[in-house]
Amino acid sequence: MALKTTTFECENGGERLDVFLAANLPGLTRSAAQKLIEAGRVTLGGFPLRKNHRTSTGEVFTALQDEPAESAASPQDLPLVVVYEDSDLVVVNKPRGMVVHPAPGHPDGTLVNALLHHCGGSLSGIGGVKRPGIVHRIDKDTSGLVIAAKNDKAHLALAAQLSARTLTREYDAVVRGVLKKDSGIIDAPIGRHPTDRKRQAVTEKNSRPAVTYYEVASRYTGYTHVHCRLETGRTHQIRVHMAYIGHPVVGDAIYGRKKPELGLSSQCLHASMLCFLHPSTNEEIVLTSDLPEYFTKVLTVLEKRSV
1 MALKTTTFEC ENGGERLDVF LAANLPGLTR SAAQKLIEAG RVTLGGFPLR
51 KNHRTSTGEV FTALQDEPAE SAASPQDLPL VVVYEDSDLV VVNKPRGMVV
101 HPAPGHPDGT LVNALLHHCG GSLSGIGGVK RPGIVHRIDK DTSGLVIAAK
151 NDKAHLALAA QLSARTLTRE YDAVVRGVLK KDSGIIDAPI GRHPTDRKRQ
201 AVTEKNSRPA VTYYEVASRY TGYTHVHCRL ETGRTHQIRV HMAYIGHPVV
251 GDAIYGRKKP ELGLSSQCLH ASMLCFLHPS TNEEIVLTSD LPEYFTKVLT
301 VLEKRSV
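Residue numbers (our numbering): 1 to 307.
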């Protein structure tokens, strides 16, 4: 079994080591943390520690964990809206509520399961057995365009475009509040939230550069419909950035208002455009996706309120 090494710094000391580990290593219970410590797999400066060790601010710990082997995703005959397809790639219009690939709590029923059935197993292996073909991801409750590669050559070429920031991704969103400027750039680094590991945040610590361009599509009473273009692709980037400037995405209970609004149960965010160079022909491919029904219903409600 493979081993995974994690190094992390204690920002606020005073906790027992097992309690600290359970809070800072995703999916690790306190009892599992104790077993890890007892096995000598948690060290400080190269020396194993005891579970009753009291942490101090600034200490840097190293944990060695077993990396569980991934189980391969299985093909499933699920509804799939294909926007574009050839021998190298497939672009689909993912519905809101569908997870892109298997993950804890979502072992099946994902976009990957549907793609495996649709493509007959002909997806690139670069993403591993749980993420075959997946070049980029969008959140479970974000709808819209996702591209998958059918072979490794196409996957590498598309991934290179993502890295070079030449694969264009545009989104539509409805955000709270009325944006004053018609367009703008949000250039703020994103990393894991310092206290909530399930969230991301604008932070200078352990972060990566993140740039989002936005343009106002329509203004309503208390809300704005915006187009967003990603220069980078950080986790939850648009949701984090719009909340950072005081205009969280409507329906986003993690970064915005906790209570449902405008009849939404999740964020009003749709991946509406992809532009890339075909990995074999070098032809520019531009694909668009109409706003889904849940999104247009929100706009209809806002139009009536603004009359």
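For each residue, glycine too, the CB sits at the ideal point set by N, CA and C.
*What separation, rounded to the nearest whole angstrom, lies between the Cα atoms of VAL90 and CYS228?*
Cα to Cα, the separation comes out at about 23 Å.
_So, for GLU59: in the same chain, excluding its five sequence neighbours on each side, which residues have a beta-carbon less than 8 Å away from its beta-carbon?_
Listed in chain order, the non-local C-beta contacts of GLU59 below 8 Å within the same chain comprise GLU9, CYS10, GLY13 and LEU44, local neighbours out to five positions each way being set aside.
*Residue from GLY121, ALA32, SER183 and GLY40 with nearest C-alpha to SER87*: It is GLY121 whose Cα lies nearest to the Cα of SER87.
_C-alpha gap between ALA271 and PRO95, whole angstroms_ = Rounded to whole angstroms, ALA271 to PRO95 spans 10 Å at the Cα level.
*Where do the ends of the beta strand (DSSP E) carrying ASN93 lie?*
Note, ASN93: beta strand (DSSP E), 89-94.
_So, at 8 Å on beta carbons, what are the nonlocal neighbours of LEU264 in its own chain, with the 5 sequence-adjacent residues on each side left out?_
The residues are VAL250, GLY251, TYR294 and VAL298.
*Is ASN93 buried or exposed, if buried means 16 or more other CB atoms sit within 10 Å of its CB?*
ASN93 should be labelled buried.
*When the Cα atoms are used, what is the spatial distance from LEU167 to ILE37?*
Near 44 Å, if we compare the C-alpha coordinates of ILE37 and LEU167.
*asked:* Pop quiz: TYR214 and ILE186 are said to be a contact at Cβ under 8 Å. What is the actual Cβ separation, rounded to whole angstroms?
replied: The C-beta separation of TYR214 from ILE186 comes to about 7 Å, placing the pair in contact by the 8 Å criterion.
*What first and last residue would you give for the beta strand (DSSP E) that runs through MET242?*
MET242 -> not in any beta strand (DSSP E); alpha helix (DSSP H) instead, spanning 237-244.
*asked:* For the pair the region 156-170 and the region 225-243, tell me if three or more CB-CB distances fall below 8 Å.
replied: A contact exists between the region 156-170 and the region 225-243.
*Taking only the alpha-carbon atoms, compute the straight-line gap between THR62 and LEU25 and give it to the nearest angstrom.*
Approximately 11 Å, taken between the alpha carbons.
*Could you check if ASP139 is buried or exposed, using at least 16 other CB atoms within 10 Å of its CB as the buried criterion?*
Burial state of ASP139 is buried, judged by a 10 Å Cβ sphere holding 16 or more other Cβ atoms.
*asked:* Is the separation between the beta-carbon of CYS119 and that of LYS153 shorter than 8 Å?
replied: Taking 8 Å as the Cβ cut-off, CYS119 and LYS153 do not qualify as a contacting pair.
*Going by Cα to Cα distance, which pick from LEU80, SER74 and LEU277 is closest to ASP108?*
Comparing Cα-Cα distances from ASP108 to each of LEU80, SER74 and LEU277, the minimum goes to SER74.
*Note down, in chain order, each residue of its chain lying with its Cβ closer than 6 Å to the Cβ of LEU111, except the 5 sequence neighbours on either side.*
Only residues of its own chain outside the window of five on either side were considered, and among them LYS94, MET98 and VAL100 have a CB closer than 6 Å to the CB of LEU111, listed in chain order.
*Apart from the five residues on each side of it in sequence, which residues of its chain come closer than 7 Å, Cβ to Cβ, to ARG30?*
Excluding residues within five positions, the ones whose Cβ falls inside 7 Å are ASP18, VAL19 and ALA22.
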